[in-house]
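These protein sequence lines are chains A and B, in that order. At position 143 of the first sequence (counting the first as 1) the number is 143 in UniProt numbering, and the numbers step up by one without a gap. At position 93 of the second sequence (counting the first as 1) the number is 93 in UniProt numbering, and the numbers step up by one without a gap. Presented below is the structure to which this report refers.
Protein chains: 2
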Amino acid sequence: MTEPIPLDLARLRRTCAECSLQMLCLPAGMDAEDISRLEAVVQRRKPLTKGDSLFRAGDPLRAVYVASEGVFKTVMLSESGEEHVLGFHLPGELFGLDAIGSGKHRCEAVALGDARVCELPYAHLASIATQVPSLQHQLLRVIGQSADRDQDHVDVLSRRQASERIAMFLHGLSDRYRRIGRAADDFVLPMSRDEIARYLGLVLETVSRGFSRLHEDGIIEVRGRRVRILDVAALGALTHGCEGGQPPQRRRSGG
Amino acid sequence: MTEPIPLDLARLRRTCAECSLQMLCLPAGMDAEDISRLEAVVQRRKPLTKGDSLFRAGDPLRAVYVASEGVFKTVMLSESGEEHVLGFHLPGELFGLDAIGSGKHRCEAVALGDARVCELPYAHLASIATQVPSLQHQLLRVIGQSADRDQDHVDVLSRRQASERIAMFLHGLSDRYRRIGRAADDFVLPMSRDEIARYLGLVLETVSRGFSRLHEDGIIEVRGRRVRILDVAALGALTHGCEGGQPPQRRRSGG
DNA sequence: CGATTCCTTGACTATGCTCAAGAAGAGTGG
DNA sequence: CCACTCTTCTTGAGCATAGTCAAGGAATCG
């Protein structure tokens with residue numbers, strides 16, 4: 001465990017300038033000089049595996065993070081003991097920002113599988129941002145984008161119909177996969193039905209039935225965690241709740 | 001309408017240093033010198049009345065806002081035409097940050113009654129933040145706090161039971177009233193049942209029934225928009241879903 | 001290959017939505 | 001100041017959607 005593994009060291013040495021996620025991540029839009037100043041504070045942590053926590057609720061704000069490989073979820077445990085999933089964090093997406101408001105993390109970040117993160121010590125980041133306006137601007141932007149994702153979550157949860165929430169979830173995930181350069185219509189879900197349910201404010205059975213329904217209707221093909229989107233337009237239409245292509249629910253008028 | 005009203009002009013001239021909301025607002029924790037640099041960019045807009053929009057979805061990011069008097073709601077219109085309420089903004093709370101991620105506003109901000117706002121042109125704010133580290137820090141903090149409120153919204157919407165959502169809403173609102181120095185257990189709701197419902201992902205009838213139920217159970221006293229919280233502890237307990245003081249729902253075992 | 005976890009599907013139930021009508025407030029003008 | 005109107009709120013009855021409980025099947029891991 002403590003013995004140095006050459007391959008890992010090589011990866012740890014990788015810089016932002018070489019990173020495939022550069023376009024998506026904090027360095028986006030920064031010039032070479034600025035990036036090198038940013039690189040000075042970026043730390044690459046040792047790889048994590050399924051279930052590992054990056055931080056827990058109550059931990060003081062030390063750093064913000066971006067997954068370079070693998071997917072994370074952030075979860076909040078309600079007083080009644082239920083686990084609510086606040087978000088899923090794909091490679092290139094900044095997370096851990098929940099501690100900026102109060103100085104303490106409000107949630108826990110957990111790796112959904114093997115993962116690797118870049119850690120950006122917050123105090124360093126903020127002080128460099130003072131010196132490098134383009135980084136400050138970029139930092140505000142990514143924070144804003146993170147807030148946009150939270151907003152999308154609110155948007156999903158505001159939908160009354162479970163089918164709408166599920167369609168929005170898949171549609172949004174597909175979009176995000178495209179953005180990170182991965183197939184948008186054929187992927188393996190990194191999270192369980194239960195985790196999806198806890199993200200959507202539903203129970204896992206409802207999510208499962210929702211998936212089956214989309215399969216029956218020929219909109220997706222699903223087998224376990226493998227998902228293929230066959231009809232993006234129809235999926236998008238379901239997102240709007242009202243009738244799009246197929247009727248969203250067999251009403252008495254149809255039957 | 002266009003004639004100058006002395007009283008209003010006097011108010012418009014008021015500075016951050018004199019503002020009663022100083023402790024809550026952006027200037028919190030800044031010294032006199034820094035505040036004066038901030039004041040240079042703050043603009044006080046002419047008063048708004050019920051229904052007036054401050055910005056609309058699609059508008060470019062010009063400024064961020066803080067209500068100095070009155071309450072605002074931010075709303076998003078879904079493709080199917082429904083209005084979703086994203087948040088209510090009390091005096092001292094920064095809003096309009098939704099445009100930071102993309103450069104465009106994602107939602108519309110509407111005054112719920114007579115209101116007055118301070119407008120902070122974003123470009124100015126960001127450039128001063130570069131020069132004044134304490135403002136940068138403060139700016140990041142308030143953005144973080146705004147994200148915390150969004151997170152609280154997610155938390156509310158994740159609850160399955162309507163009664164929990166309603167209890168959390170009242171409990172949270174009460175908290176925020178206390179923070180701005182107003183009575184936390186006796187207030188007039190600035191928003192309608194319908195707006196509450198659209199915030200909670202429910203319909204107005206459900207909200208109305210929820211309020212009536214809390215009244216019956218002796219936890220609150222409600223008459224129209226006037227609310228008095230009689231038993232904060234019980235309200236907090238309902239927030240947790242599980243049984244607290246009174247049973248949350250009369251089950252057959254009880255009747 | 002066995003054990004465990006995860007997913008699917010069914011039957012039943014309950015919560016909250018729909019539709020509907022009436023009461024209470026707020027605003028307006030005589 | 002009161003009558004009128006319009007909006008907002010309350011309450012009721014019935015129904016549909018999603019939750020609960022339960023069991024069996026698929027997939028994954030050691």
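Idealized CB from N, CA, C, for every residue including glycine.
CB of B:H105 within 8 Å of CB of B:D114, strictly: What you label residue 105 of chain B is simply residue 105 of the second sequence in a count that begins at 1. What you label residue 114 of chain B is simply residue 114 of the second sequence in a count that begins at 1. Going by C-beta atoms, B:H105 is not nearer than 8 Å to B:D114.
C-beta atoms of A:L157 and B:L157 nearer than 8 Å: Translated into positions along the first sequence, residue 157 of chain A becomes position 157. Translated into positions along the second sequence, residue 157 of chain B becomes position 157. Yes. Within cutoff.
Chain B residues whose Cβ lies nearer than 9 Å to that of A:S102: As a first step, residue 102 of chain A is located in the first sequence; it is residue number 102 there, counting from the start. In chain order: R141, G144, Q145 and D148.
Spatially closest choice to A:G92 from A:V85, A:P47, A:L214 and A:V117, by CA coordinates: Locating residue 92 of chain A in the first sequence gives position 92, counting from the first residue. Of the candidates A:V85, A:P47, A:L214 and A:V117, A:V117 places its Cα closest to the Cα of A:G92.
Contact the segment 67 to 86 of chain B vs the segment 125 to 133 of chain B: 3+ CB pairs below 8 Å: Contact check between the segment 67 to 86 of chain B and the segment 125 to 133 of chain B: fewer than three CB pairs, one atom from each, fall below 8 Å, which does not count as touching.
The segment 46 to 63 of chain A touching the segment 142 to 153 of chain A, judged by at least three CB pairs closer than 8 Å: no
Given A:F88 as reference, the closest of A:R160, A:S53 and A:L173 once Cα atoms are compared: Stepping through the first sequence from its first residue, residue 88 of chain A is reached at position 88. When each option's Cα is compared against that of A:F88, the closest is A:L173.
Pick from A:S146, A:L238, A:L235 and A:R228 that is closest to A:L24, judged by C-alpha positions: Numbered from its first residue, the first sequence carries residue 24 of chain A at position 24. Checking every option, the nearest Cα to that of A:L24 belongs to A:S146.
Coil, strand or helix - B:V71 by DSSP: Your numbering for residue 71 of chain B matches position 71 in the second sequence. Three-state result, B:V71: coil.
Short Cβ contact (8 Å threshold) for A:S134 with A:R213: For the purposes of this step, residue 134 of chain A is taken as the residue at position 134 of the first sequence. For the purposes of this step, residue 213 of chain A is taken as the residue at position 213 of the first sequence. No, the Cβ-Cβ distance between A:S134 and A:R213 is not below 8 Å.
Run of the alpha helix (DSSP H) containing A:P47, from where it starts to where it stops: Indexing the first sequence from 1 puts residue 47 of chain A at position 47. Segment: none, A:P47 is in no alpha helix (DSSP H) and carries neither H nor E.
Beta carbon proximity, B:L157 to chain A, threshold 8 Å: In the second sequence, the residue the question calls residue 157 of chain B occupies position 157. Closer than 8 Å to some Cβ of chain A, the Cβ of B:L157 qualifies, so yes.
Within 8 Å of chain B by C-beta, residues of the segment 83 to 99 of chain A in sequence order: The segment 83 to 99 of chain A vs chain B, Cβ under 8 Å: H84, L86, L97, D98 and A99.
Secondary structure of B:E93, DSSP reduced to three states: For the purposes of this step, residue 93 of chain B is identified with residue 93 of the second sequence, where counting begins at 1. Here DSSP, grouped into helix, strand and coil, assigns B:E93 to coil.
Listed by chain order, chain A residues near B:H105 by CB distance under 9 Å: Residue 105 of chain B sits at position 105 when you count from the first residue of the second sequence. Under a criterion of Cβ atoms nearer than 9 Å, no residue of chain A is adjacent to B:H105; the nearest Cβ is some 11 Å distant.
Any chain A beta carbon closer than 8 Å to B:C19: Start at 1 with the first residue of the second sequence, and residue 19 of chain B comes out as number 19. Not one chain A Cβ lies under 8 Å of B:C19.
Partner residues on chain A for B:H240, Cβ-Cβ distance less than 9 Å: The residue given as residue 240 of chain B occupies position 240 in the second sequence. S78, E79 and S80, listed in chain order.
Contact with chain B by A:P60, beta-carbon distance below 8 Å: To locate residue 60 of chain A, count along the first sequence from 1; it is residue 60. It does not: the Cβ of A:P60 has no partner Cβ on chain B nearer than 8 Å.
Residue burial classification, B:M1 (beta-carbon count within 10 angstroms, cutoff 16): Mapped onto the second sequence, residue 1 of chain B falls at position 1. For B:M1, the predicted structure reports a pLDDT of 43, less than 50, and the residue's modelled location is therefore unreliable. The matter cannot be settled from this model.
Cβ of B:P121 within 8 Å of any chain A Cβ: Position 121 of the second sequence, counted from the start, is the residue given in the question as residue 121 of chain B. The beta-carbon of B:P121 is placed no less than 8 Å from the nearest beta-carbon of chain A.
Beta strand (DSSP E) segment containing A:P27, residue limits: Here residue 27 of chain A is taken as the residue at index 27 of the first sequence, counted from 1. Here A:P27 belongs to no beta strand (DSSP E), and DSSP marks it neither H nor E.
Exposure of residue 256 of chain B, with buried meaning 16 or more beta-carbon neighbours within 10 Å: Look at the range of chain B in this structure, 1 to 255, and you will see that residue 256 of chain B is not part of it.
Members of the segment 38 to 50 of chain A near chain B, C-beta cut-off 9 Å: none
Contacting residues, own chain, Cβ-Cβ under 6 Å from A:M168 (five flanking each side not counted): In the first sequence, counting from the first residue as 1, residue 168 of chain A sits at position 168. The answer, listed in chain order, is V156 and T239.
For A:T15, three-class secondary structure by DSSP: For this step, residue 15 of chain A is matched to residue 15 along the first sequence. DSSP places A:T15 in coil when its eight states are reduced to three.
From B:G81, B:T74 and B:Q138, residue whose alpha carbon lies closest to that of B:E108: Counting from 1 along the second sequence, the entry for residue 108 of chain B is found at position 108. The candidate whose alpha carbon is nearest that of B:E108 is B:T74.
Unbroken beta strand (DSSP E) run spanning B:E108, endpoints: Counting from 1 along the second sequence, the entry for residue 108 of chain B is found at position 108. Looking at the DSSP string, the run of the beta strand (DSSP E) that includes B:E108 is E108 to A111.
Proximity test, Cβ basis, 8 Å: B:T206 and chain A: As a working note, residue 206 of chain B is residue 206 in the second sequence. No - not a single Cβ of chain A is within 8 Å of the one on B:T206.
Classification of A:Q136 by the beta-carbon crowding that lies within 10 angstroms, buried from 16 upward: In the first sequence, counting from the first residue as 1, residue 136 of chain A sits at position 136. Buried: at least 16 other Cβ atoms inside 10 Å.
B:L230 vs B:G218 beta-carbon contact at 8 Å: On the second sequence, residue 230 of chain B is found 230 positions in, with the first residue counted as 1. On the second sequence, residue 218 of chain B is found 218 positions in, with the first residue counted as 1. Yes; because the gap between Cβ atoms is below 8 Å, this pair is in contact.
For A:A111, the nearest candidate out of A:E221, A:R223 and A:M191 (CA to CA): Taking the first sequence and counting its residues from 1, the one referred to as residue 111 of chain A is at position 111. That would be A:M191, whose Cα lies nearest to the Cα of A:A111.
Nearest to B:A183 (by Cα), restricted to the options B:C16, B:V227, B:A123 and B:P121: The residue you call residue 183 of chain B lines up with position 183 of the second sequence. When only C-alpha atoms are compared, the closest one is B:V227.
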